[in-house]
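Asks:
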Amino acid sequence: MLALRISFTIIIHLIWSSFQAPTDINLAGVRLDSSGDLKVNPNQSFAIRVLGNNIPRGGDFYFTTATKCEDAYIPNNDKISTVPAVSLHSACSFAVLEVRDGLPFNVSTSTYHLCHKDFNAYTEEFLNIKSKDPTTEKFGLDSVIVCCFCILMSAYAAGMTLGYMKFSIVELNNLVNQGDASLAKRARRILIVRRQSNYLVTSFSLFSSIFTVLFTTNVEKMLNGVPNESVMKIVVPALISLIFAEVIPQAICNSKFGFTLASGLWFVSYLIFIVTFPIAYPVSCVLGRFLKRDVREVLTEEEKTCMIQNMAKNANEKVKSMGDGAKGVPDCA
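In mature numbering (1 follows the signal peptide of the UniProt record, and there is no 0), the protein residues as written are -17 to -1, 1 to 316.
1. Decide if residue 253 is buried, meaning its Cβ has at least 16 other Cβ atoms within 10 Å, or exposed.
2. Return helix, strand or coil for residue 45, following the three-state DSSP convention.
3. Could you give the uninterrupted runs of the alpha helix (DSSP H) lying entirely in the stretch 219 to 259, keeping only those of 4 residues or more?
4. Assuming residue 98 is part of the beta strand (DSSP E), what are its boundary residues?
5. Give me the Cβ distance between residue 159 and residue 170, rounded to the nearest whole Å; I'm assuming they're in contact under 8 angstroms.
6. Which value, in whole angstroms, describes the spacing of the CA atoms of residue 246 and residue 274?
7. Whole angstroms is fine: what's the gap from residue 59's alpha carbon to residue 26's?
8. I'd like to confirm something about residue 251: is its beta-carbon nearer than 6 angstroms to some heavy atom of the ligand COA, or not?
9. Helix, strand or coil for residue 31, going by three-state DSSP, please let me know.
10. At the 7 angstroms Cβ level, is residue 166 part of the contact set with chain D, yes or no?
11. In its own chain, which residues sit with a C-beta less than 8 angstroms from the C-beta of residue 61, not counting the 5 before and 5 after it?
12. Does DSSP put residue 65 in a helix, a strand or coil?
13. Starting from residue 80 and walking both ways along the alpha helix (DSSP H), at which residues does that stretch end?
14. Closest by CA to residue 190, which one among 270, 124, 70 and 255?
15. According to the Cβ coordinates, are residue 186 and residue 263 closer than 7 angstroms?
16. Between which residues of its own chain and residue 28 is the CB-CB distance below 8 angstroms, once the five residues before and five after are set aside?
17. Buried or exposed: which applies to residue 20, given that a residue is buried once 16 or more other Cβ atoms fall within 10 Å of its Cβ?
18. List the residues that DSSP assigns as beta-bridge partners of residue 73.
19. Hey, could you find the ends of the alpha helix (DSSP H) residue 123 is sitting in?
20. When you compare only the Cα positions, how much space is there between residue 167 and residue 145?
21. To the nearest angstrom, how far is the alpha carbon of residue 70 from that of residue 22?
22. Please report the straight-line C-alpha distance between residue 237 and residue 260, rounded to a whole angstrom.
23. How many Å lie between residue 209 and residue 215 at the Cα?
24. Reducing DSSP to helix, strand and coil, say where residue 198 ends up.
25. Run through DSSP, which three-state label would residue 161 get?
26. Using three-state DSSP, classify residue 206 as helix, strand or coil.
27. Pop quiz: residue 141 and residue 228 are said to be a contact at Cβ under 8 angstroms. What is the actual Cβ separation, rounded to whole angstroms?
28. Below 7 angstroms between beta carbons: does that hold for residue 127 and residue 78?
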């Protein structure tokens, strides 16, 4: 019986001790969620994970440029900058803090220290957070590859839009019905895509826009810290996109190589159709509802007559006899 009472007393004491843990905050370290570097971009939102013992639940964390935490809110002191931190998650051994508006670094405030209202001591090295220098950031081969891939995809979509649309459905049907089996096979591949004119334009435009935005975003990151940064971030991606994703691919696809590229890369076009289907297809249906079918899909009687008359001018006698039946119709302008 005595042993049972002693055991019960020890258990109660342990439980009580666990709820009455020491109240002194012991910060053991700070770790950024994205990396272990204690440097952040000025005026940009970031989150950190505070590690230690007896870390209080809730808020009351803040960053300050003061030497001691207790000096953070000295009145009428413009030299000290203090920014509150929002507690996203907290426990006894860690807390996840977020600074939504970032830290306003400048020449006089180049280092901030993490503090808590109950932590009145000199700041230490592991509490320091400094500003990132954009000019020291290095971009590896992977960033260059991503940019090249984005501009290539954007160029394909922009060029092939013109490459497919420059062929009329009537022209493609004539190529399919000719005796050349190889030419007919290639024309048939283009015809399948060309018939979906609204879906083609919507899908390829969406695909090109997405990769253009991704390319611009990556290039802007590479241009952080360069002279005339705001101007360069506009001019450089705009010129590269204009030259390599618009002018050159459209010129190539509008040349004699357009037919070969459109028929040879049909599988890439199908892939774009599949990827953009959830957005592009409904939009193309709406466009089709209001714009109706492609105007080049059907020739009017007057257009047919004008075509025959133009062919008959330098044709043989057999073709000229076909044009005689169209004399009753006024000549086309």
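In this text, a Cβ means the ideal position worked out from N, Cα and C, and glycines have one as well.
Replies: If we stick to the structure as given:
1. Here residue 253 is taken as the residue at index 270 of the sequence shown, counted from 1. Exposed, by the Cβ-count rule.
2. Translated into positions along the sequence shown, residue 45 becomes position 62. In the structure shown, residue 45 sits in a strand (DSSP, three-state: E or B).
3. 231 to 236, 240 to 247 and 249 to 258
4. Walking along the sequence shown from the start, residue 98 turns up at place 115. That run of the beta strand (DSSP E) goes 94 to 99.
5. Here residue 159 refers to the residue found at position 176 of the sequence shown. Here residue 170 refers to the residue found at position 187 of the sequence shown. Confirmed, Cβ separation roughly 5 angstroms.
6. If you number the sequence shown from 1, residue 246 lands on position 263. If you number the sequence shown from 1, residue 274 lands on position 291. Going by the C-alpha atoms only, they are around 27 angstroms apart.
7. Along the sequence shown, read from residue 1 onward, the residue named residue 59 stands at position 76. Along the sequence shown, read from residue 1 onward, the residue named residue 26 stands at position 43. Those two C-alpha atoms are separated by around 23 angstroms.
8. Here there are no bound small molecules, and the ligand COA is not part of this structure.
9. What you label residue 31 is simply residue 48 of the sequence shown in a count that begins at 1. In the structure shown, residue 31 sits in a strand (DSSP, three-state: E or B).
10. Structure shown: chain D not included; a single protein chain is present.
11. To locate residue 61, count along the sequence shown from 1; it is residue 78. If we look at residue 61 and ignore the five residues flanking it on each side, it has no Cβ neighbours.
12. By 1-based counting over the sequence shown, the position of residue 65 is 82. Three-state result, residue 65: strand.
13. Within the sequence shown, residue 80 is the residue found at index 97, counting from 1. It is not in any alpha helix (DSSP H) - residue 80 instead sits in the beta strand (DSSP E) that spans 77 to 82.
14. As a position in the sequence shown, residue 190 is number 207, starting the count at 1. If we check each option's Cα against that of residue 190, 255 comes out closest.
15. Taking the sequence shown and counting its residues from 1, the one referred to as residue 186 is at position 203. Taking the sequence shown and counting its residues from 1, the one referred to as residue 263 is at position 280. In contact: residue 186 and residue 263 (Cβ atoms closer than 7 angstroms).
16. What you label residue 28 is simply residue 45 of the sequence shown in a count that begins at 1. Hits under 8 angstroms: 81, 82, 83, 84 and 85.
17. Position 37 of the sequence shown holds residue 20. Confidence in residue 20 is poor, its pLDDT being 47 and thus under 50, which makes the residue's placement unreliable; the coordinate value appears in the next sentence. Looking at its Cβ environment, which holds fewer than 16 other Cβ atoms inside 10 Å, residue 20 is exposed.
18. Along the sequence shown, read from residue 1 onward, the residue named residue 73 stands at position 90. Paired residues: 78.
19. Indexing the sequence shown from 1 puts residue 123 at position 140. No alpha helix (DSSP H) holds residue 123; DSSP gives it neither H nor E.
20. Locating residue 167 in the sequence shown gives position 184, where the first residue counts as 1. Locating residue 145 in the sequence shown gives position 162, where the first residue counts as 1. Taking the straight line joining both Cα atoms gives about 21 angstroms.
21. Taking the first residue of the sequence shown as 1, we reach residue 70 at position 87. Taking the first residue of the sequence shown as 1, we reach residue 22 at position 39. Each residue's alpha carbon lies about 19 angstroms from the other.
22. Locating residue 237 in the sequence shown gives position 254, where the first residue counts as 1. Locating residue 260 in the sequence shown gives position 277, where the first residue counts as 1. Each residue's alpha carbon lies about 26 angstroms from the other.
23. Here residue 209 refers to the residue found at position 226 of the sequence shown. Here residue 215 refers to the residue found at position 232 of the sequence shown. Straight-line Cα distance between these residues: approximately 8 angstroms.
24. Here residue 198 corresponds to residue number 215 of the sequence shown, with the count starting at 1. Residue 198 falls in the helix class under three-state DSSP.
25. In the sequence shown, the residue the question calls residue 161 occupies position 178. Residue 161 falls in the coil class under three-state DSSP.
26. Numbered from 1 along the sequence shown, position 223 holds the residue referred to as residue 206. Residue 206: coil per DSSP, three-state reduction.
27. Within the sequence shown, numbered from 1, the residue matching residue 141 stands at position 158. Within the sequence shown, numbered from 1, the residue matching residue 228 stands at position 245. Contact holds; Cβ gap of about 6 angstroms.
28. As a first step, residue 127 must be located in the sequence shown, where it is residue number 144. As a first step, residue 78 must be located in the sequence shown, where it is residue number 95. No, these two residues do not count as a Cβ contact at 7 angstroms.
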